[in-house]
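What follows is one structure encoded as structure tokens, with my remarks underneath.
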Ligand SMILES: Cc1cc2nc3c(=O)[nH]c(=O)nc-3n(C[C@H](O)[C@H](O)[C@H](O)COP(=O)(O)OP(=O)(O)OC[C@H]3O[C@@H](n4cnc5c(N)ncnc54)[C@H](O)[C@@H]3O)c2cc1C
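Here's what the structure looks like:
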């Protein structure tokens, strides 16, 4: 970064200091890419917002040395292993404090073995109001002077050589002229997309949500195992009778000091709430009429399910909420934002470092937009499926108050038909594993085209309900995780690319020709490469080799973001030419 003619020159400008922008800054610093992050607010988020960090996100954080900090302060798995639907927290009526159903969630309970088998990083939970300061501190530490809050981008134009931006320092009101090679628009879709004419496709204003961030002692009514409790209050009619609440820490479980309670309205019926007005509603919804609470903040927001028509316009790359916004169900907002930044960082590093042409950056949109589309659709599906759960419990929006009340009686009745209703509900509730056990959706996404060389194999069939993950090293997929012993060290297979600055070539023992060819191709391209010969010492029972399709004379090339770039089942006639061609394709050179 340097200043000349009142212009600050920097390779990458990141606009937005939310989860996406801060992650991008950390990753770029780790990869040695100079950049500047500007955030218009003076502080990180004042709202708790997203909290669930899925396994893929924790793998990214693990790769960059952030995971241990988050595990140390995030929700322990024992306190996030269930999701529950119940009537109320308090009250002494016949239907108060009753549980409709509960399921294992987020890799806890019965899911532990599967989630542990498939990833070195357990999922975690840490709300944005706490996570963002942690990310900001790390971003500032790794990129001193590179993170500027209270700085707002107000104008942007681009030409063949770069982007010119005006950023106003909101403390001094002084404008700053910035010239960057690339801009990461991580601004939540607030500024740059509208400026450049990005269109967000999909339905908007699907519902209004009121989210209240409170401090209260709920220890008498909470169960430590539960992360989210959904409420279906017998005294309320309509959607007001439904809500969801989540502990927000900093202590977890029943002793959480802070909570968020969400409830919704259909469009057109909204009543904006403020901090004082929400208290009676929360007390009634929880059925705790004397509950002492401090309301920190109430946010009234709307549900959208939209995807940007473009992820790249010239030298501007859109990531996170700037590219996709959708309901919070399945917790895909922040997670997809972190994973966008991860896909982008190594590509920016190679292009800025002159190791790859700008075409490599085009693969960002090719790879990430289909994932964004799938996640927008998925979040909509799992949000709408809550209506299916209501029906499974016997509720309908058309019910009169009398019929609604009769339904509570019928559901909890100690009769054969009560048991039948509860059994039906259990079967219907199982469909909500699409939200809380979306293991394959979370770690099994793959790129069909992009910075990779597809092979002739077909994609393993995906579980349409997003749960069952099939590990494969087919190009485009995330390298399957296994614990390996490499040079006497126990490593996850995902560790072989280090902190994202190098590729890895995995070969069978009889693949010397691939190793030599890769050494030559990577040396010529001046790219770091880790070569691992996978034999009995590395993978004693051979199950990981089998799962990857790694044969004795075969090879698998892994990208810095742990997605497979190319693989070969055996030797080819001219390994040197083949690998040079593979590298040129991956780097976008032809
Ligand atoms: C009330 C609320 C509750 C939510 N709850 C959940 C949830 O429970 N689960 C979930 O998965 N997701 C939730 N989300 C969504 C989730 O918070 C987002 O997906 C996530 O924050 C996206 O991160 P981001 O960094 O892309 O965008 P953001 O967090 O929106 O960050 C963008 C940043 O860019 C800054 N910015 C904008 N314009 C400029 C400019 N011109 N100059 C400088 N800076 C600028 C903004 O100030 C902002 O800080 C919620 C969102 C809201 C609003």
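Residue numbers (the working numbering): 672 to 1261. Cβ atoms here follow ideal geometry from the backbone N, Cα and C, with glycine treated the same way.
- Query: Regarding residue 857 and ligand 1, is the C-beta to nearest heavy atom distance less than 7 Å?
  - Reply: Residue 857 Cβ: within cutoff of ligand 1.
- Ends of the beta strand (DSSP E) at residue 1235? Counting along the chain, the beta strand (DSSP E) containing residue 1235 begins and ends at 1235–1239.
- Query: Just reading off the alpha helix (DSSP H) that residue 742 is part of, what are its end residues?
  - Reply: 738–744 is the extent of the alpha helix (DSSP H) around residue 742.
- Query: Buried or exposed: which applies to residue 799, given that a residue is buried once 16 or more other Cβ atoms fall within 10 Å of its Cβ?
  - Reply: Taking a 10 Å sphere around the C-beta of residue 799, we find 16 or more other C-beta atoms and assign the residue as buried.
- Is residue 1044 helix, strand or coil when you go by DSSP? Correct three-state label for residue 1044: helix.
- Would you give the residue range spanned by the beta strand (DSSP E) that residue 920 belongs to? In the DSSP assignment, residue 920 falls within the unbroken beta strand (DSSP E) covering 913–920.
- Task: Can you say whether residue 882 is buried or exposed, counting buried as having 16 or more other CB atoms within 10 angstroms of its CB?
- Result: So residue 882 ends up on the buried side.
- From 1018, 1188, 757 and 819, pick the residue whose C-alpha is nearest to that of residue 847; which is it? Put simply, of 1018, 1188, 757 and 819 the residue whose alpha carbon is nearest the alpha carbon of residue 847 is 819.
- Message: Quick check: is any heavy atom of ligand 1 less than 7 Å from the C-beta of residue 976?
- Response: Every heavy atom of ligand 1 is 7 Å or more from the Cβ of residue 976, so no.
- Message: Looking at residue 1022: is its Cβ nearer than 8 Å to the Cβ of residue 1015?
- Response: Going by beta carbons, residue 1022 and residue 1015 fall outside the 8 Å limit.
- Message: Using only CA atoms, which one of 1026, 979 and 1241 lies nearest to residue 1036?
- Response: The option with the nearest alpha carbon to residue 1036 is 979.
- Message: For a test of the three-state rule: what should DSSP assign to residue 1085, helix, strand or coil?
- Response: Residue state, collapsed to three classes: coil.
- Task: Compute the Euclidean distance between the alpha carbons of residue 1172 and residue 949, then round it to the nearest angstrom.
- Result: Looking at the two C-alpha atoms, the distance is approximately 49 Å.
- Query: Where in the stretch 1138–1165 do unbroken runs of the beta strand (DSSP E), each at least 3 residues long, occur, reported from the N-terminal end onward?
  - Reply: Counting only unbroken stretches of 3 or more residues, the beta strand (DSSP E) elements lying wholly within the stretch 1138–1165 are 1154–1157 and 1160–1163, in sequence order.
- Counting Cβ pairs closer than 8 Å, one from the stretch 872–890 and one from the stretch 745–753, do we hit at least three? With a cut-off of 8 Å on Cβ pairs, the stretch 872–890 is not in contact with the stretch 745–753, counting fewer than three such pairs.
- Have a look at 762, 1059, 1090 and 924 and flag the residue whose alpha-carbon is nearest the alpha-carbon of residue 961. When only C-alpha atoms are compared, the closest one is 762.
- Could you give the distance in angstroms between the alpha-carbon of residue 1119 and the alpha-carbon of residue 1128? Between residue 1119 and residue 1128, the C-alpha separation is close to 12 Å.
- Message: Can you tell me where the alpha helix (DSSP H) holding residue 1006 begins and where it ends?
- Response: That run of the alpha helix (DSSP H) goes 1003–1023.
- Looking at residue 992 and ligand 1, is the gap between the Cβ and the nearest heavy atom below 7 Å? At least one heavy atom of ligand 1 is found less than 7 Å from the C-beta of residue 992.
- In angstroms, rounded to a whole number, what distance separates the CA positions of residue 977 and residue 720? Computed Cα separation, rounded: 18 Å.
- Of the residues 944, 987, 969 and 951, the one placed nearest residue 930, counting alpha carbons only: Between residue 930 and the set 944, 987, 969 and 951, the nearest pair of CA atoms involves 969.
- Span of the alpha helix (DSSP H), counted from its first residue to its last, around residue 1250: Judged by DSSP secondary structure, residue 1250 falls within the alpha helix (DSSP H) whose first and last residues are 1246–1257.
- At what residues does the beta strand (DSSP E) containing residue 965 begin and finish? Where residue 965 is concerned, the enclosing beta strand (DSSP E) stretches over 965–973.
- Task: Indicate whether residue 679 and residue 706 have their beta-carbon atoms separated by less than 8 Å.
- Result: Contact flag unset, no.
- Closest by CA to residue 1260, which one among 760, 885 and 1028? Sorting 760, 885 and 1028 by C-alpha distance to the C-alpha of residue 1260 places 1028 at the top.
- Task: Would you grab the beta carbon distance between residue 849 and residue 686 for me? Rounded to a whole angstrom, and I think it's under 8 Å.
- Result: Not quite, the Cβ-Cβ distance comes to about 10 Å (not below 8 Å), so this is no contact.
- Message: Which residue marks the beginning of the alpha helix (DSSP H) containing residue 692, and which one marks its end?
- Response: Judged by DSSP secondary structure, residue 692 falls within the alpha helix (DSSP H) whose first and last residues are 690–701.
- Could you tell me which of 708, 875, 1229 and 681 sits nearest to residue 693, measuring between CA atoms? The residue with the shortest Cα to Cα distance from residue 693 is 708.
- Query: Three or more beta-carbon pairs under 8 Å between the stretch 824–831 and the stretch 792–808, yes or no?
  - Reply: By the Cβ rule, the stretch 824–831 does not count as touching the stretch 792–808, because fewer than three pairs are nearer than 8 Å.
- Can the beta-carbon of residue 1147 be found closer than 8 Å to that of residue 1125? Yes, the Cβ-Cβ distance between residue 1147 and residue 1125 is below 8 Å.
- Please report how far the alpha carbon of residue 740 lies from the alpha carbon of residue 1081, in whole angstroms. Cα to Cα, the separation comes out at about 48 Å.
- Would you mind giving the Cβ-Cβ distance between residue 914 and residue 895, rounded to the nearest angstrom? I have them listed as a contact below 8 Å. The pair is not a contact, with the Cβ atoms about 20 Å apart (cut-off 8 Å).
- Query: Could you give the residue range of the beta strand (DSSP E) that holds residue 673?
  - Reply: Per DSSP, residue 673 belongs to the beta strand (DSSP E) from 673–675.
- Message: When you measure from the CB of residue 810 to every non-hydrogen atom of ligand 1, does any distance come out below 7 Å?
- Response: No.
- Output the boundary residues of the alpha helix (DSSP H) element that contains residue 1191. If you look at residue 1191, you'll find it in the alpha helix (DSSP H) that goes 1183–1196.
- Task: Determine the DSSP secondary structure at residue 871, reduced to helix, strand or coil.
- Result: The three-state secondary structure of residue 871, taken from DSSP, is strand.
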